[in-house]
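In this note's numbering, the protein residues as written are 4 to 673.
These notes are about the structure you will find just below.
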């Protein structure tokens with residue numbers, strides 16, 4: 004209820020502000036503007052207020068309370084001074100009833116598409132379409148981080164090479180609505196449906212404004228939503244734009260499912276464009292220009308994807324105008340209508356087929372934990388969803404009856420010896436192999452020959468793993484809790500700590516028994532004692548010395564020199580054990596990092612091994628930074644996106660996230 008009150012205040016505030024600066028073609032135009040502007044400005048206000056209250060125990064709670072008070076006061080004060088709603092004239096001929104019918108139908112289809120592919124079932128588990136899972140997972144984790152008030156950074160914690168600048172306002176607001184009482188799915192779905200419906204309403208308005216025809220506006224909005232046949236025309240684009248169009252899927256409904264933040268940016272663009280058309284015809288005041296500039300500046304998403312979407316909107320309107328013109332031909336009155344109707348039906352049917360394919364795609368389930376805490380403004384049992392960093396499609400889910408396989412066979416799945424997006428590997432003193440099976444939420448233990456021994460867990464997205472001299476196991480969890488867990492050799496729990504970590508990704512233990520953790524979300528290295536006491540911390544986001552962009556791994560040599568993989572800066576930086584920079588090495592092979600680049604120090608051979616997931620190679624350096632060679636497994640085995648490394652005397656074990664298996668490379672003696 005509080006979440007809906009928050010949204011209601013935001014939308015009413017947006018309406019009051021827009022009425023001061025804009026004229027409207029219709030009521031849908033007015034309310035689309037209110038939704039987009041209200042959500043955008045309330046998001047920034049709440050986020051900045053939360054940062055200002057970061058020293059308090061409940062900063063997001065304080066920010067929401069401040070918004071409730073100030074928004075209500077602003078609405079009351081502005082309503083007394085706001086001008087009456089002005090209408091853009093002349094209005095296009097025709098009845099507005101069909102506008103509402105068309106918009107209602109599009110709203111219903113948006114609900115089917117967005118809510119039908121992401122919802123909470125009767126058992127409280129999130130179910131989402133596998134067609135959207137790979138793009139959606141890390142964004143959902145970020146939303147839940149905000150909801151649980153764990154972290155306020157705008158980077159994505161799951162991937163060291165991935166930044167979340169342009170998505171973060173949408174998913175921050177989703178997390179805020181969850182904080183105020185909605186579940187995670189409804190928080191995202193309510194924003195998604197409001198954003199997409201507002202965008203479609205503005206497409207209708209733009210068509211009416213440009214062509215003075217309500218029919219063109221309705222048909223253009225329908226073509227933008229049901230645009231199955233239009234994607235065939237993408238083949239006429241230049242190759243660079245064709246690749247981007249295929250990548251972002253703007254000719255498929257999956258674009259609206261995967262990139263739920265985009266309708267807000269495209270909608271703001273169309274809102275300002277409609278204002279500019281009206282200004283050109285009427286010459287409105289400079290205040291409206293300043294307000295429009297503020298809206299443009301408040302959207303952190305001005306890239307080729309937005310402009311391509313706007314180009315698609317304009318193209319759909321041109322097609323709609325062509326069909327409308329054809330239907331009105333006086334020279335071919337019957338044939339023109341038949342052709343226009345046939346073309347329209349084909350396009351809409353193809354779009355409905357695409358929509359059906361997305362809606363009927365298979366589902367992935369995400370489980371949850373409950374926690375009786377005061378979250379938001381009410382006492383409730385909060386659902387903490389165990390969101391992994393991706394949901395690869397086509398994998399065998401929990402309950403697989405397949406017999407155990409070796410680590411070297413592996414394979415996607417949840418059976419014994421299988422993996423789902425594994426990210427870490429470690430070897431104990433007896434030669435046993437431990438693999439962080441990230442999306443299955445467990446650690447799998449194998450013998451020296453790869454035979455499955457047991458599973459340890461559950462964990463929440465275990466990403467890094469290390470083992471000390473006594474056989475104790477240390478696990479870095481990337482999920483919503485952002486912590487390190489310490490387990491005994493038999494997997495029994497000993498301790499946990501999470502001193503402000505955000506995305507603990509990799510973990511290693513130095514010869515002095517210090518534990519080094521890659522805190523990827525904060526682009527830093529944190530050094531702990533075996534008891535969890537913070538001994539040192541260094542690094543920040545950037546390209547300068549001692550700074551990192553997408554830090555992905557850490558390794559320590561026998562002299563306690565610390566080697567840090569800085570893949571987005573295409574380099575390895577070398578520090579002493581307290582974080583003083585000693586030197587740096589250029590790694591050109593990391594020019595296109597995937598975020599999985601890993602390091603391992605071989606003390607017996609004085610070598611450092613560095614993986615390149617993009618190039619599928621293992622680079623070998625001496626400890627002075629000289630490039631020596633590359634190593635590969637014995638054919639027919641081959642490297643396949645190597646993502647984690649571990650050493651055991653004469654072998655280098657390589658974990659492949661993509662193919663979900665382990666390779667062993669025999670190392671030559673010095």
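In this text, a Cβ means the ideal position worked out from N, Cα and C, and glycines have one as well.
Just so you know, these numbers come straight off a predicted model, no measurement behind them.
Who are the Cβ neighbours of residue i in its own chain at under 7 Å, not counting the five residues just before and after it?
i, result
"residue 400", "Here the model assigns residue 400 a pLDDT of 40, short of 50, so the residue's position is not dependable, and the following value carries that caveat. The residues are 417."
"residue 593", "570, 573, 600, 615"
"residue 382", "Model confidence at residue 382 stands at a pLDDT of 41, short of 50, so the residue's coordinates are unreliable and nothing is read from them."
"residue 511", "469, 519, 557, 558, 559"
"residue 332", "339"
"residue 450", "435, 456"
Got a sec, what are the start and stop residues for the beta strand (DSSP E) residue i sits in?
i, result
"residue 511", "507–512"
"residue 438", "436–440"
"residue 522", "518–522"
"residue 419", "Note, residue 419: premise wrong, no beta strand (DSSP E); not H, not E."
"residue 2", "Lying outside 4 to 673, the shown extent of the chain, residue 2 is not represented and no answer is given."
"residue 515", "Looking at the DSSP string, residue 515 is not in any beta strand (DSSP E), and its letter there is neither H nor E."
"residue 458", "455–459"
"residue 586", "584–589"
"residue 448", "445–449"
"residue 98", "Careful: residue 98 lies outside any beta strand (DSSP E) and carries neither H nor E."
"residue 565", "565–569"
Quick check: what's the CA-CA separation for residue i versus residue j?
i, j, result
"residue 341", "residue 324", "16 Å"
"residue 339", "residue 345", "10 Å"
"residue 555", "residue 144", "19 Å"
"residue 709", "residue 610", "The chain is shown from 4 up to 673; residue 709 falls before or after that span and cannot be answered."
"residue 224", "residue 297", "27 Å"
"residue 20", "residue 56", "26 Å"
"residue 41", "residue 604", "53 Å"
"residue 182", "residue 586", "45 Å"
"residue 444", "residue 485", "14 Å"
"residue 667", "residue 646", "13 Å"
"residue 658", "residue 636", "12 Å"
"residue 112", "residue 105", "11 Å"
"residue 551", "residue 177", "29 Å"
"residue 190", "residue 123", "11 Å"
"residue 281", "residue 326", "25 Å"
"residue 490", "residue 432", "16 Å"
"residue 69", "residue 52", "8 Å"
"residue 413", "residue 665", "7 Å"
In the DSSP assignment, find the alpha helix (DSSP H) that holds residue i and state where it starts and stops.
i, result
"residue 269", "265–285"
"residue 218", "217–228"
"residue 175", "171–182"
"residue 465", "Not the alpha helix (DSSP H): residue 465 falls in the beta strand (DSSP E), residues 465–470."
"residue 532", "Segment: none, residue 532 is in no alpha helix (DSSP H) and carries neither H nor E."
"residue 259", "257–261"
"residue 202", "187–214"
At a threshold of 8 Å, does residue i count as lining the ligand ZN (C-beta to nearest heavy atom)?
i, result
"residue 456", "For the ligand ZN, the structure offers nothing, since it holds no ligand at all."
Using a 10 Å radius around the Cβ and a threshold of 16 neighbouring Cβ atoms, would you call residue i buried or exposed?
i, result
"residue 461", "exposed"
"residue 559", "buried"
"residue 530", "buried"
"residue 28", "buried"
"residue 504", "buried"
"residue 192", "buried"
"residue 537", "exposed"
"residue 34", "buried"
"residue 4", "exposed"
"residue 290", "exposed"
"residue 606", "exposed"
"residue 488", "buried"
"residue 126", "exposed"
"residue 217", "buried"
"residue 319", "buried"
"residue 283", "exposed"
Go through its chain and collect everything with a Cβ distance to residue i's Cβ below 6 Å, but skip five positions before and after it.
i, result
"residue 100", "none"
"residue 252", "Per-residue confidence for residue 252 stands at a pLDDT of 40, beneath the threshold of 50, marking its modelled position as unreliable; the derived number appears in the next sentence. Excluding sequence neighbours, residue 252 sits near 258."
"residue 220", "207, 210, 211"
"residue 581", "539"
"residue 651", "430, 434"
"residue 185", "6"
Once the 5 residues before and after residue i are set aside, which same chain residues still bring their CB inside 8 Å of it?
i, result
"residue 59", "65"
"residue 316", "206, 209, 223, 227, 269, 273"
"residue 633", "620, 621, 622, 623"
Jot down the residue ranges of each uninterrupted beta strand (DSSP E) in the segment 592–672, minimum 3 residues, whole runs only, in chain order. 602–605, 610–615, 620–625, 630–634, 645–651, 654–659, 664–669
Sequence ranges, alpha helix (DSSP H) only - wholly within the segment 22–73, length at least 4: 30–55
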